[in-house]
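2 protein chains.
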Amino acid sequence: MTQDPLVIFTPSGKRGRVARGTPVLTAARQLGVDLDSVCGGRGICSKCQVAPSFGDFPKHGVHAAEDALSPRNAVEDRYDRVRGLKPGRRLGCQAQILGDMVIDVPPESQVHRQVVRKAASARPITMDPATRLVLVEVAEPDMHEPSGDFERVKAALKDQWGIEGVTAGLPVLAKLQPALRKGNWQVSLALHQPANAEEFEMLDVWPGLHEGGLYGLAVDLGSTTIAAHLCDLADGRVLASSGLMNPQIRFGEDLMSRVSYAMMNPGGDAEMTRAVREALDRLATEIAAEGGIDPKLIVETVFVMNPVMHHLLLGIDPVELGQAPFALATSGAMTLAARDLDLAAINPQARTYILPCIAGHVGADAAGVALAEEPDRSDDLVLVVDVGTNAEILLGDRNGVLACSSPTGPAFEGAQISSGQRAAPGAIERLEIDPATKEPRFRVIGCDLWSDDPGFAEATKGTGITGICGSGIIEAVAEMRMAGLLDPSGLIGSAERTGTARCEPTGRTHAYLVHDATETGGTRITVTQGDIRAIQLAKSALYAGARLLMDQRGVDRVDRIVLAGAFGAHISPRHAMVLGMIPDAPLDKVTSAGNAAGHGARIALCNRAARTRIEETVRHIHKVETAIEPRFQEHFVAANAIPHASDPFPELSSVVTLPDVHFGASSGGEDGGRRRRRRG
Amino acid sequence: MTQDPLVIFTPSGKRGRVARGTPVLTAARQLGVDLDSVCGGRGICSKCQVAPSFGDFPKHGVHAAEDALSPRNAVEDRYDRVRGLKPGRRLGCQAQILGDMVIDVPPESQVHRQVVRKAASARPITMDPATRLVLVEVAEPDMHEPSGDFERVKAALKDQWGIEGVTAGLPVLAKLQPALRKGNWQVSLALHQPANAEEFEMLDVWPGLHEGGLYGLAVDLGSTTIAAHLCDLADGRVLASSGLMNPQIRFGEDLMSRVSYAMMNPGGDAEMTRAVREALDRLATEIAAEGGIDPKLIVETVFVMNPVMHHLLLGIDPVELGQAPFALATSGAMTLAARDLDLAAINPQARTYILPCIAGHVGADAAGVALAEEPDRSDDLVLVVDVGTNAEILLGDRNGVLACSSPTGPAFEGAQISSGQRAAPGAIERLEIDPATKEPRFRVIGCDLWSDDPGFAEATKGTGITGICGSGIIEAVAEMRMAGLLDPSGLIGSAERTGTARCEPTGRTHAYLVHDATETGGTRITVTQGDIRAIQLAKSALYAGARLLMDQRGVDRVDRIVLAGAFGAHISPRHAMVLGMIPDAPLDKVTSAGNAAGHGARIALCNRAARTRIEETVRHIHKVETAIEPRFQEHFVAANAIPHASDPFPELSSVVTLPDVHFGASSGGEDGGRRRRRRG
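In structure tokens:
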């Protein structure tokens, strides 16, 4: 009759009997329930809030009376008074179990809470960051038993948290003594445990309970664009997303030009390293301001990038990546000090994790895509295409994954496009052309209205209409083809042949006028024949890479396609299909995943185990080297045209009909469309 | 009859049978014989040289014929031609065992060779440094099986040396690719394995065989003097020893003044940190030049120092060390990157090991003394006194060790002495006074002659005679007492009372003229009453500390005394005894050990296991805090006099007779000799 009380935790369903008077937090630990605590049960941090339930729970055979839990105590009353406790909530470290009961652990009180990512297809991230915050109560020094303050902190971590093997850098040791005395021998510590490591590094220390949070930066370092997410390491929340142009563009637009710059100019690689590191430091400052946090609270960064950017960021001359056999200096994942990358704006002890590279042309960005899209766990055969200046392409399923990269050039990111620009407020990201009138309508980043909606001019007054970003140019070219303004070879028709004055002559070719605000001092945005050629080259390279992997796998079709890209809005599957960027697939099996490489970086930031997983996965990905495959060149040449509706796209033909127009005798313009592009 | 050949290695005596045709190096490895090799048996490094013996060895039952070893091959011929092979020597990796034989491994071919230290009493150091050089042959990159160059280096280390868990910093990764290609896929690596660690860090890489050696710096960072040894990490040889004044002296001569400076001046601790780090960087450059090596080949540094210098070097505000309970920020041993201490002159990846501190007033220098003198392994009760601005004192035997520090001030290092100076060429380090004539004779550092030897003037023309260093001032004061120029209270007699014009009046007191070269533009060196007082204060503090430990241990006498000090020549036991620096002991049981703390640093530099050992030893040393022991003050006051021969020194009285003179009514001068000194 005097049996110990039975406690059932929801949502985990974990249950067991605990001694009468056991605090809920202690019970949770005994039963292996995921209940957070930073202060270790001192009633300070409030992370262990629970919601007790009373009444009958016939399914569990429990009747929980109101007095099954100890009444609210002084600590809880004070906490409620000072900070407020939601109705029905109790502090798990204060409330004691006195009788049978059911206790709910709300999501925000779980350590390993799940974070739902934006994209509908995406799997949630389980929070388990490499850096965590803990509060310890440290013994005061004793002259007769002398030991260092840090040694007593380590003893406290072992006693109070079971954490051993802790080291600390000099700047943290220098902060320790004042923090301990100011915090009256209670301090909060940021402890970092790298993937696959037993040891912890103390990254920072604060007197008492640190309530400012810990943050991380997930960075996709592209050849053209740098995109970053600022995440809260407690709950994975994205506080701000920001991007800027890679300043290395002034040394060469594509990767091969940068490798050449390093080869031709002594110290050129160091110059490019400096440029990108400075940009990253600036980006960190800006994104912290945008997120409203102190940049010194950024204690972790995670990077994905292609191999050339990988080497240039790390300060390694990329020259070997410019010539066969394209040897990487190092391909493994790395855990570094962020200061080794000259990231001075963030916490001086911040750590950096760099995802592994797959091969000399298939980088950590491809690893990031693999981590986000998990082709290795797919039941059906999936083609994942990450569009950038260098496209990363993965093809596979549970039976194996193939990978390659393809030198698309920067056109998809708005570079090498006459009115192109980075995805930023004011950039055209969506575009439609009326097939009858040939008139365009568009949307710009930062405004939800279409250009022909009432109020559009007013709504875009702040940003203006500044250019076309990557997703915008893809839609523009596809829409021009669908509206009969382009023939299959990619030639723009004249005003006479297309029937619209928007097709203006420019020298020996024509351009399509999208927007003209020159009268009011604004921009004039056109799509030129050169723009079309640049997009044709880019999409041919992309298509050829995908086909090469399909050849290797011995298939003619894939079950589904995931389109990803760091730039602008999600790529429109329909327009990508019209353009011929991707192989044949049912249109409803083509989805758009946004910045998959960046998502992969964010997953690795929020979940330590994901780092171990991607390191293992990468070892099993089979790499295909496009540079030495003659079939890549064949596919590339064959893919130059923008196909006709009666070309092998049966699913597509039910959706759109492409006009069978021809504006010229040959598809070759002044730029020699069939020239093999330099890698980039 | 066709038994495998028997091979006996000397001097280890290890023996066994190996398959006919086994290379000597392979046989040595099979039998656990200590035979060096950097190139792993490629006939490149010549580290595995052996001396085969032929003839009859009845004791071992072996007859070794000339053909028991394969004849010299082309690799050995080429090596002999290019670099020369000593007669009778063979390359162990090339010579194959064909019959029974005896093979001698000369000392220079042993990895764990023993290094004999200078001091007669000192134990030899067994070489086993934390950083070693290995040569590997690395697989070339393969486009179809892509992997990073570093990953292939790691695979080669595992295959060829059984070494796993290797990491590399960015600067080394940046050097790897060119080194591999220049070395035709053979590279030499400097691999560092910290004490107690399984992992290795690659500190540097060179194409092919690196023949420039690897070096380390053992530094005793004193309050007044910084002393360093440059050691060859292959054989422990000291290439150069050098020292300079600690530039922090301008912020305060003793430690307590520096702590005060940090407390009174915002940023004062950082200023002192910068000053000492700059001095160390300069010292490294100078000592490398003196040793004739490239400073970038210094891959390790080891430091010993007192707690205040410890914190100031590490960039930690020492304020807590200035007030009870004298809490250290950290007391454990540390392995750091040398660049974290701004040591820019040496290898950018160099590692630093810092010995553990024992308590808030007993630092890593005391740990160094314990490592060098091993009181914890002594059968008899030994008192080890390390004389510096802060004296470190250890008392103990196998049953336990006590430790304390005593604030002697900088007088023993020549500071606060009117003609005092650091131990450097030109400084008087030995001094004798004729008891009859009261005339002095002396020797200076850098010259083996006495000042009354013929040719002394000529021999010292280069350095001059510039001042008196620590060991010189100790001898000067003791000799003055023995010659009747000082009374037991420490008062200098006048010319009339002493009978020599060298006792000159200076205000209300007198000074003894040691040397006067003012006529030829040289120096005038005297010992003033103030100098005597400074030495009296210093020796009283030292004596009081030693007595305090004896009280704690419950003894009135010790079995033996070891005198150590970083400065100048070895301290003369006889003079120290006359002065009353140390407690009563038979004179033949008092030895002088030179810079024991520095020796300890050198041991930790040459032997990785010694680091683990001292970390363990320090945990068992019992610390006594002089600052809070009232008996320390009592002993200090009682020790002020320079005792008379009939005082309790029976052994001493048989050696020297101290005159029973008295020059004044009281021992107090203008400086109030009984005032308790500030810690320093």
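In order, the protein sequence lines correspond to chains A and B.
So the first sequence is numbered by my numbering: it starts at 501 and just counts up by one.
So the second sequence is numbered by my numbering: it starts at 501 and just counts up by one.
For glycine and all other residues, C-beta sits at the position ideal for the given N, C-alpha and C.
| Asked | Found |
| --- | --- |
| At the level of alpha carbons, what is the spacing between Asn1095/B and Val738/B? | 14 angstroms |
| Strictly under 9 angstroms for the Cβ-Cβ distance: is Ile858/B near chain E by that measure? | Although the question refers to chain E, the structure presented lacks it and instead comprises the protein chains A and B. |
| Between Ile1032/A and the rest of its own chain, which residues show a CB-CB distance below 7 angstroms, the 5 nearest in sequence each way excluded? | Val977, Leu986, Gly990 and Ile992 |
| Per DSSP, Gly994/B forms a beta bridge with which residues? | As written in the sequence, residue 994/B is Ser, which differs from the Gly given in the question. Ser994/B is not bridged to any residue. |
| Please tell me whether Ile603/A and Val507/A are closer than 9 angstroms, where the distance is taken between their beta carbons. | yes |
| Note down the Cα distance separating Gly716/A from Glu873/A, rounded to an integer number of angstroms. | 21 angstroms |
| Return the first residue and the last residue of the beta strand (DSSP E) that Ser1092/A is part of. | Val1090 to Ser1092 |
| Would you tell me roughly how many angstroms separate the C-alpha atoms of Cys593/A and Ile798/A, rounded to the nearest one? | 29 angstroms |
| Taking 9 angstroms as the threshold (beta carbon to beta carbon), is Arg1177/B in contact with chain A? | Annotation note: pLDDT 40 at Arg1177/B (below 50); position unreliable, coordinate value reported separately. No, because no Cβ of chain A sits closer than 9 angstroms to the Cβ of Arg1177/B. |
| Could you pull out every residue in the same chain whose Cβ sits closer than 6 angstroms to the Cβ of Glu701/A, ignoring the five residues on either side in sequence? | Thr667 and His692 |
| What does a CB cutoff of less than 8 angstroms around Ala656/A pick up in its chain, not counting 5 residues either side in sequence? | Val636, Glu637, Val638 and Ala639 |
| Looking at the secondary structure, which residues open and close the beta strand (DSSP E) in which Phe554/B lies? | Taken as a continuous stretch (DSSP letters only), Phe554/B belongs to no beta strand (DSSP E), as it is neither H nor E. |
| Got a sec, what are the start and stop residues for the alpha helix (DSSP H) Trp661/A sits in? | Asp649 to Trp661 |
| How long is the line joining the alpha carbons of Thr1112/B and Ala1104/B, rounded to whole angstroms? | 9 angstroms |
| Please name the residue in Asp534/A, Val882/A, Ala983/A and Asp781/A whose C-alpha comes closest to that of Lys796/A. | Asp781/A |
| Using only the alpha-carbon positions, how far apart do Glu778/B and Met772/A sit? | 31 angstroms |
| Nearest to Val533/B by alpha carbon, out of Ala519/B, Val550/B and Cys545/B? | Val550/B |
| Taking a cut of 7 angstroms between CB atoms, which residues from the region 625-649 of chain B lie near chain A? | Pro641, Asp642, Met643, Pro646, Ser647, Gly648 and Asp649 |
| Pull out every residue of the region 1117-1129 of chain B whose Cβ sits closer than 7 angstroms to any Cβ of chain A, in chain order. | Lys1123, Glu1125 and Ile1128 |
| Closer than 8 angstroms is the cut-off here; do at least three beta carbon pairs connect the region 866-880 of chain A with the region 1017-1032 of chain A? | no |
| Of all Cβ atoms in chain B, is any one closer than 9 angstroms to the Cβ of Gln921/A? | no |
| Please identify the residue among Asp886/B, Ile544/B and Met601/B whose C-alpha is closest to the C-alpha of Gly584/B. | Ile544/B |
| Taking Cβ to Cβ, would you say His1010/A is nearer than 9 angstroms to Glu1019/A? | no |
| Between Glu1115/B and chain A, is there a C-beta pair that is closer than 9 angstroms? | no |
| Using the Cα positions of Asn573/B and Ala595/B, report the straight-line distance between them to the nearest angstrom. | 8 angstroms |
| For Leu814/A versus Ala827/A, is the C-beta spacing smaller than 9 angstroms? | no |
| Who are the neighbours of Thr1112/A on chain B, taking C-beta pairs under 8 angstroms? | Per Cβ cutoff of 8 angstroms: no residues; Thr1112/A is ~16 angstroms from chain B at best. |
| Using beta-carbon positions only, say whether Gly767/A and Phe751/A come within less than 9 angstroms of one another. | no |
| Go to Pro671/A, then tell me how far its beta strand (DSSP E) extends in each direction, as first and last residue. | Looking at the DSSP string, Pro671/A is not in any beta strand (DSSP E); the run it does join, the alpha helix (DSSP H), is Leu670 to Lys682. |
| Using a cut-off of 7 angstroms between C-beta atoms, extract the partners of Ile816/A located in chain B. | Leu673 and Ala674 |
| Please report the straight-line C-alpha distance between Val705/B and Met1050/A, rounded to a whole angstrom. | 42 angstroms |
| Which residue wins for smallest C-alpha separation from His861/A, given the options Ile846/A, Met809/A, Ala837/A and Asp879/A? | Met809/A |
| Alpha carbon to alpha carbon, what distance is there between Val887/B and Ala770/B? | 28 angstroms |
| Flag this pair as yes or no: are the beta carbons of Arg632/B and Leu783/B separated by less than 9 angstroms? | no |
| Anything in the region 743-774 of chain A with a Cβ closer than 7 angstroms to a Cβ of chain B? List those residues in chain order, please. | none |
| On the DSSP bridge assignment, give the partners of Thr522/B in chain order. | Ile597/B |
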